[in-house]
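Quick note: the sequence shown uses my numbering, first residue 63, plus one each step.
Comments concern the structure below.
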Amino acid sequence: MTIGSADLSLAPARPALVHPVWVRITHWINAVALFVMITSGWRVYNASPLFGFEFPSAISLGDGLADALLWHFAAMWLFVVNGLVYVTLGLATGRFRKKLLPVRPAEVVRDLGAALTGKLSHDDLSVYNAVQRLLYIGVILAGVLVVLSGLSIWKPVQVQELTAAFGGYDAARYVHFFAMAAIAAFLVIHITLAILVPKSLRAMIMGR
Ligand code: HEM
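And the structure:
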């Protein structure tokens with residue numbers, strides 16, 4: 063019931079929508095695609111390691127190099143198309159501007175200090191703190207870098223200008239590896255925090 067401008071209904075207010083449906087769908091498709099890309103990429107790496115170690119086969123995907131490449135290329139399409147949808151909608155709807163900007167160094171230092179001393183507030187899920195903003199922008203850029211460096215080593219003849227921009231085929235392989243490592247490091251922090259703040263996980267599933 064409404065009298066004047068006051069809403070007197072007794073029904074509890076529905077919590078505000080934090081993540082629209084397109085964010086949730088692209089987020090979870092991305093999580094599956096990246097899981098397949100990273101674990102199959104480790105198996106591909108093992109066929110010709112850049113460093114003095116290999117990834118244990120128990121945590122890598124694919125029965126040998128050829129099989130791992132099939133997984134890697136299949137998930138690549140999912141990752142790229144889904145990523146393009148997310149980035150296009152993030153820019154077009156103004157979500158990136160509203161939720162990820164600005165990132166002020168002083169606020170990053172303040173929020174990092176608060177997070178490490180357990181004083182960071184999680185009351186308002188609709189506003190990302192400065193550390194989240196920095197990490198989300200960083201991982202989106204790492205995603206762009208991993209795709210471009212991947213393209214350079216997949217089609218080094220067709221996209222030779224791009225491969226040259228990375229400093230050649232071998233350098234592009236290192237860039238691809240370190241972009242993967244940055245994403246994997248992000249995921250360790252990101253998944254730990256999602257578990258520590260379960261209502262943020264619920265919001266990424268239910269929207270509210
Ligand atoms: C099991 C895996 C994952 C879990 C449990 C998870 C969980 C979450 C949660 C709970 C949020 C909302 C944070 C908040 O509202 O405070 C979120 C947002 C986000 N996650 Fe994940 N995530 C996962 C995988 C990934 C992956 C693989 C990436 C990319 C590398 C990623 C990138 C992001 C980004 C960029 C956002 C912000 C989205 C936006 O607001 O537009 N996440 N994630």
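Idealized CB from N, CA, C, for every residue including glycine.
> Using the beta-carbon count (16 or more within 10 Å), is M63 buried or exposed?
Replying inline: Residue 63 sits at position 1 when you count from the first residue of the sequence shown. Note that M63 scores a pLDDT of 44, beneath 50, so its modelled location is shaky; the value from the coordinates is reported in the next line. So M63 counts as exposed.
>> So for D186, helix, strand or coil by DSSP?
In response: Sequence index remark: in the sequence shown, residue 186 carries index 124 (1-based). Of the three classes helix, strand and coil, the one that applies to D186 here is coil, per DSSP.
> Grouping DSSP H, G and I as helix and E and B as strand, with all else coil, what is E116?
Replying inline: Counted from its first residue, the sequence shown places residue 116 at position 54. Correct three-state label for E116: coil.
> Taking 7 Å as the cut-off, is the CB of F248 close to at least one heavy atom of ligand 1?
Replying inline: The residue given as residue 248 occupies position 186 in the sequence shown. For ligand 1, at least one heavy atom lies less than 7 Å from the Cβ of F248.
> Is V147 helix, strand or coil by DSSP?
Replying inline: Taking the first residue of the sequence shown as 1, we reach residue 147 at position 85. V147: helix per DSSP, three-state reduction.
> When DSSP labels each residue in this structure, what does I225 get in the three-state scheme?
Replying inline: What you label residue 225 is simply residue 163 of the sequence shown in a count that begins at 1. For clarity, residue 225 is Thr in the given sequence; the question names Ile instead. In the structure shown, T225 sits in a helix (DSSP, three-state: H, G or I).
>> Under 8 Å: do the segment 213-232 and the segment 184-200 share three or more Cβ pairs, one atom per stretch?
In response: No: the two stretches stay apart, fewer than three of their Cβ pairs being nearer than 8 Å.
>> Only counting the same chain, and skipping five residues up and downstream in sequence, which positions put a Cβ closer than 8 Å to that of F117?
In response: One-based indexing of the sequence shown puts residue 117 at position 55. Around F117: W104, R105, Y107 and N108.
>> Give me the residue from P77, A78 and A93 with the minimum Cα distance to V250.
In response: Translated into the one-based positions of the sequence shown, residue 250 becomes position 188. Among P77, A78 and A93, the Cα nearest to that of V250 is on A93.
> Using the rule of at least 16 other Cβ atoms within 10 Å of the residue's Cβ for burial, across every protein chain shown, is I245 buried or exposed?
Replying inline: Indexing the sequence shown from 1 puts residue 245 at position 183. The residue is buried, with at least 16 neighbouring Cβ atoms inside 10 Å.
> Are at least three pairs of beta-carbons, each pair with one atom in the segment 254-263 and one in the segment 174-187, less than 8 Å apart?
Replying inline: Taking 8 Å as the limit for Cβ pairs, the verdict is that the segment 174-187 does touch the segment 254-263.
> Candidates V85, I100, L146 and F141: which alpha carbon is nearest A243's?
Replying inline: Taking the first residue of the sequence shown as 1, we reach residue 243 at position 181. For A243, the nearest C-alpha among the options comes from I100.
> Under a Cβ-count criterion, where at least 16 other Cβ atoms within 10 Å of its own Cβ denotes burial, should V80 be classed as buried or exposed?
Replying inline: Locating residue 80 in the sequence shown gives position 18, where the first residue counts as 1. The residue is buried, with at least 16 neighbouring Cβ atoms inside 10 Å.
> If you draw a straight line from the alpha carbon of R195 to that of A234, how long is it in whole angstroms?
Replying inline: Start at 1 with the first residue of the sequence shown, and residue 195 comes out as number 133. Start at 1 with the first residue of the sequence shown, and residue 234 comes out as number 172. Looking at the two C-alpha atoms, the distance is approximately 27 Å.
>> Considering only heavy atoms of ligand 1, does any lie closer than 7 Å to the CB of G205?
In response: As a first step, residue 205 is located in the sequence shown; it is residue number 143 there, counting from the start. Yes, the Cβ of G205 comes within 7 Å of a heavy atom of ligand 1.
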